[in-house]
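Data block below; observations after.
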Amino acid sequence: MAQKNATFAAIDVGTTKVCAIVGRGSGPDDLQVLAHSTVPCDGLRKGNVADSKATTQAIRRVVMDVSREAGVTIDAAYVGVTGAHVSFENRWDALDWVGDLGVITSDDLKRVPEKISAAATVAGRRVMHAIPLTYALDGEKTIRNPLGMHARNLEVETHVVSGNQSYVRRLVEAVESAGIEVKDLVFEPLASSEAVLTAAEKQEGVALVDIGGGTTDIVVFQGGMVRYTGVVPVGGYQFTNDICQTYGASYKDAEQAKLAHATTDLYESKLDEEISLSVEGRSTAIKIPHRDLCQLTRERAQELLKLIKVKLQEADVEDICKLRLVITGGTSNLPGLEALTQQLLTNRVRIGMPNGNGSIPAELKAPAYSTGVGLLLWAASRSEPEATAQTNGRNGHSEPRSGGFASRFIAQLKSRLSLNLF
Ligand SMILES: Nc1ncnc2c1ncn2[C@@H]1O[C@H](COP(=O)(O)OP(=O)(O)OP(=O)(O)O)[C@@H](O)[C@H]1O
Ligand SMILES: [Mg+2]
């Protein structure tokens with residue numbers, strides 16, 4: 491847990507926008523958002539950095555905005571990663587360093603993520619998470635927390651998430667070129683789930699589906715643990731691109747038409763109404779039936795829901811009809827999508843957005859900010875007891891760096907009493 495009044499910065503580098511949020515607190519429950527800034531960015535394709543210069547420029551801009559507004563100098567941040575290159579494995583490993591003293595200590599368990607990350611790393615992949623799920627003590631599985639237990643053999647099951655090293659490096663370089671150290675990389679739907687899902691949902695079983703601009707990111711929780719993570723390389727871009735391809739409109743005009751008129755609900759489409767759409771190479775706008783635009787949108791949504799269903803089947807979800815599903819991300823704003831998801835996947839659907847924790851400004855309580863807010867909550871709950879940013883003296887209080895003997899001693903004592911291994 492972070493020290494009192496530590497300052498955290500999060501940067502969501504999305505396919506359509508870059509969003510930076512700065513907050514202060516001693517943990518996720520008392521986190522205050524000090525500043526946030528979002529700028530459009532087209533430096534990414536399907537979650538991957540395609541134009542480093544444009545991406546770095548957008549990052550530099552949002553960091554400047556939030557630094558000025560919060561009165562802090564930001565030199566490090568938690569950064570989100572997504573893309574079809576991200577994959578996972580649930581694996582069992584023996585913890586051969588454990589049990590020398592006969593009892594399992596918090597120091598033994600703290601080493602798990604780092605050790606398993608090293609063991610799971612293969613050429614060309616970068617491990618981002620090794621999340622402990624369950625332990626097996628002398629062959630007895632399903633131990634959630636073996637702290638203080640005695641064992642000769644301890645094994646751990648972890649959820650390991652990794653990404654293509656070159657894609658991840660390109661993202662890190664884009665952030666570093668903006669003068670920001672990457673404090674940690676977080677797979678985006680895991681961050682979104684921090685902001686959007688309740689502990690009860692994670693316990694009962696839930697799929698979070700973050701439909702953004704370039705990708706649809708999925709994470710499935712069962713029994714309070716993450717069991718599956720996946721990415722479909724389809725997002726709002728494809729909905730807009732369908733309009734471009736069908737009618738010859740520019741991306742900008744097609745996006746505008748989508749946001750103003752599209753719905754997947756054909757009952758909501760106006761049978762005899764036409765909408766104007768500017769078309770490249772023509773001096774006058776064309777008229778297209780509103781119903782056709784909605785039909786196009788509905789077909790794309792049906793296709794996407796089919797792809798999501800395939801992923802949920804991959805996740806071994808027993809009965810998708812009974813699954814609790816939370817959709818978030820900018821595209822979850824699409825009118826009719828919730829109802830269509832109920833028809834095609836499961837009745838138990840809700841739109842998710844950041845709401846509870848700390849003081850979240852009203853502007854951030856929208857599905858497009860689930861990842862950004864989630865990254866900040868991730869930072870607040872898992873950060874080492876030191877500030878990721880220092881005040882620049884224009885606003886706020888000075889940040890004491892941690893590391894005094896007394897604070898280290900108390901931190902060690904606390905870590906022996908309670909575990910936080912994520
Ligand atoms: N009312 C709406 N109807 C339809 N689409 C919408 C609506 N509002 C936002 N969107 C779409 O949401 C998308 C942006 O969502 P979001 O901000 O979550 O994406 P991102 O984080 O930039 O991308 P990604 O996470 O995929 O890398 C855009 O494609 C936009 O058109
Ligand atoms: Mg996103």
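All residue numbers for the sequence shown refer to the working numbering, where the first residue is 491 and numbers rise by one.
Backbone N, C-alpha and C fix where the C-beta goes; we use that ideal spot for every residue, glycine too.
Please state whether the Cβ-Cβ distance between glycine 504 and glycine 703 is less than 9 Å. Within the sequence shown, numbered from 1, the residue matching residue 504 stands at position 14. Within the sequence shown, numbered from 1, the residue matching residue 703 stands at position 213. Taking 9 Å as the cut-off, the Cβ atoms of glycine 504 and glycine 703 count as close.
Can you tell me the Cα-Cα spacing of valine 602 and isoleucine 670, whole angstroms? Working through the sequence shown from its first residue, we reach residue 602 at position 112. Working through the sequence shown from its first residue, we reach residue 670 at position 180. Those two C-alpha atoms are separated by around 28 Å.
Please state the DSSP three-state secondary structure of methionine 618. On the sequence shown, residue 618 is found 128 positions in, with the first residue counted as 1. Reduced to three states, the DSSP call for methionine 618 is strand.
Does the Cβ of aspartate 732 have 16 or more other Cβ atoms within 10 Å, making it buried, or fewer, making it exposed? If you number the sequence shown from 1, residue 732 lands on position 242. Aspartate 732 counts as buried, since no fewer than 16 other beta carbons sit within 10 angstroms of its beta carbon.
With a cut-off of 9 Å, does the C-beta of tryptophan 868 fall near any C-beta of chain D? Absence of chain D from the displayed structure is noted, only one protein chain being present.
Report the three-state DSSP secondary structure of threonine 855 (helix, strand or coil). Reading the sequence shown from its first residue, position 365 is the one you call residue 855. Reading the sequence as shown, one finds lysine at residue 855 and not threonine. Residue state, collapsed to three classes: coil.
Contacts around glutamine 655, its chain only, beta-carbon distance under 7 Å, and the 5 residues preceding and following it disregarded: The residue labelled residue 655 in the question sits at position 165 within the sequence shown. Cβ contact annotation for glutamine 655 (same chain, cutoff 7 Å, sequence separation greater than five): Gly614, Arg615 and Arg616, in chain order.
I'd like to confirm the pairing. Which residues does DSSP put opposite threonine 624 in its beta bridges? Taking the first residue of the sequence shown as 1, we reach residue 624 at position 134. Glu647.
In terms of residues, what are the limits of the beta strand (DSSP E) holding tyrosine 718? By one-based count along the sequence shown, residue 718 stands at place 228. 715-722 is the span of the beta strand (DSSP E), which, as asked, contains tyrosine 718.
What I want to know is whether the C-beta of isoleucine 701 ends up closer than 8 Å to one or more non-hydrogen atoms of ligand 1. Locating residue 701 in the sequence shown gives position 211, counting from the first residue. Result yes, Cβ under 8 Å from ligand 1.
Going straight from the alpha carbon of asparagine 580 to that of alanine 626, what length do you get? Counting from 1 along the sequence shown, the entry for residue 580 is found at position 90. Counting from 1 along the sequence shown, the entry for residue 626 is found at position 136. Looking at the two C-alpha atoms, the distance is approximately 14 Å.
State the Cα-Cα distance for the pair glutamine 735 and valine 508, rounded to the nearest angstrom. Residue 735 sits at position 245 when you count from the first residue of the sequence shown. Residue 508 sits at position 18 when you count from the first residue of the sequence shown. Straight across, the Cα-Cα distance linking glutamine 735 with valine 508 is about 27 Å.
Only counting the same chain, and skipping five residues up and downstream in sequence, which positions put a Cβ closer than 7 Å to that of arginine 790? Working through the sequence shown from its first residue, we reach residue 790 at position 300. Correct list, in chain order: Gln728, Phe729 and Asp732.
With a Cβ-Cβ cutoff of 9 Å, do isoleucine 850 and valine 523 count as a contact? Residue mapping note: residue 850 aligns to position 360 of the sequence shown, counting from 1. Residue mapping note: residue 523 aligns to position 33 of the sequence shown, counting from 1. Taking 9 Å as the cut-off, the beta carbon of isoleucine 850 is found closer than this to the beta carbon of valine 523.
Identify which residue in Asp520, Thr528 and Ala496 has its Cα closest to the Cα of leucine 854. Here the question's residue 854 lines up with position 364 in the sequence shown. That would be Thr528, whose Cα lies nearest to the Cα of leucine 854.
Quick one: is histidine 640 buried, meaning 16 or more other Cβ sit within 10 Å of its Cβ, or exposed? The sequence position of residue 640 within the sequence shown is 150, counting from 1. Exposed, by the Cβ-count rule.
Alpha-carbon spacing of serine 683 relative to valine 612, whole angstroms: Walking along the sequence shown from the start, residue 683 turns up at place 193. Walking along the sequence shown from the start, residue 612 turns up at place 122. As the crow flies, the alpha-carbon of serine 683 is around 27 Å from that of valine 612.
In this structure, does DSSP put tyrosine 741 in helix, strand or coil? Position 251 of the sequence shown holds residue 741. Three-state DSSP puts tyrosine 741 in a helix.
According to the neighbour-count rule (16 or more other Cβ atoms, all chains shown, within 10 Å of its Cβ), is leucine 644 buried or exposed? Locating residue 644 in the sequence shown gives position 154, counting from the first residue. Its Cβ being crowded by 16 or more others within 10 Å, leucine 644 is buried.
Considering Cα atoms alone, identify which of Asp520, Phe498, Asp502 and Cys531 is closest to glycine 513. By 1-based counting over the sequence shown, the position of residue 513 is 23. Of the candidates Asp520, Phe498, Asp502 and Cys531, the one whose C-alpha sits nearest the C-alpha of glycine 513 is Phe498.
Measuring CA to CA, which of Ile501, Leu794 and Leu767 is closest to tyrosine 741? Residue 741 sits at position 251 when you count from the first residue of the sequence shown. Among Ile501, Leu794 and Leu767, the Cα nearest to that of tyrosine 741 is on Leu767.
May I have the straight-line CA-CA distance separating serine 871 from lysine 543, to the nearest angstrom? Sequence index remark: in the sequence shown, residue 871 carries index 381 (1-based). Sequence index remark: in the sequence shown, residue 543 carries index 53 (1-based). Their backbone Cα atoms lie some 32 Å apart in a straight line.
Ignoring anything shorter than 3 residues or poking outside the segment 758-789, list the beta strand (DSSP E) runs there in chain order. Those beta strand (DSSP E) runs which fall completely within the segment 758-789 and span 3+ residues are 764-767 and 776-779.
Provide the residue span of the beta strand (DSSP E) that contains arginine 840, from first to last. Taking the first residue of the sequence shown as position 1, residue 840 is located at position 350. Residue range 839-841 is occupied by the beta strand (DSSP E) that includes arginine 840.
For lysine 799, name the three-state secondary structure that DSSP assigns. The count along the sequence shown starts at 1 and reaches residue 799 at position 309. Per DSSP, reduced to three states, the secondary structure at lysine 799 is helical.
So what does DSSP say about arginine 514, is it helix, strand or coil? Here residue 514 corresponds to residue number 24 of the sequence shown, with the count starting at 1. Residue state, collapsed to three classes: strand.
For threonine 774, count neighbouring Cβ atoms within 10 angstroms of its own Cβ and tell me buried if that reaches 16, exposed if not. Position 284 of the sequence shown, counted from the first residue, corresponds to residue 774. Exposed.
Between the segment 815-823 and the segment 857-864, do three or more beta carbon pairs fall short of 8 Å? The segment 815-823 vs the segment 857-864: in contact.
Tell me the DSSP secondary structure of arginine 660 in three-state form. Position 170 of the sequence shown, counted from the first residue, corresponds to residue 660. Note: arginine 660 maps to helix in three-state DSSP.
Tell me, please, which residues DSSP counts as bridged to aspartate 674. In the sequence shown, the residue the question calls residue 674 occupies position 184. DSSP output for aspartate 674 lists Tyr568 as bridge partner(s).
Regarding asparagine 654 and ligand 1, is the C-beta to nearest heavy atom distance less than 8 Å? Numbered from 1 along the sequence shown, position 164 holds the residue referred to as residue 654. Flag unset: Cβ of asparagine 654 not near ligand 1.
Verify whether the separation of the beta carbon atoms of proline 825 and alanine 739 is less than 9 Å. Within the sequence shown, residue 825 is the residue found at index 335, counting from 1. Within the sequence shown, residue 739 is the residue found at index 249, counting from 1. No. Outside cutoff.
Which partner residues of glutamine 522 appear in the DSSP bridge assignment? Indexing the sequence shown from 1 puts residue 522 at position 32. Beta-bridge annotation (DSSP): glutamine 522 is paired with Arg514 and Ser849.
Determine, using beta carbons only, whether alanine 500 and leucine 866 come nearer to each other than 9 Å. Locating residue 500 in the sequence shown gives position 10, where the first residue counts as 1. Locating residue 866 in the sequence shown gives position 376, where the first residue counts as 1. Yes, the pair counts as a contact, with Cβ atoms nearer than the cut-off.
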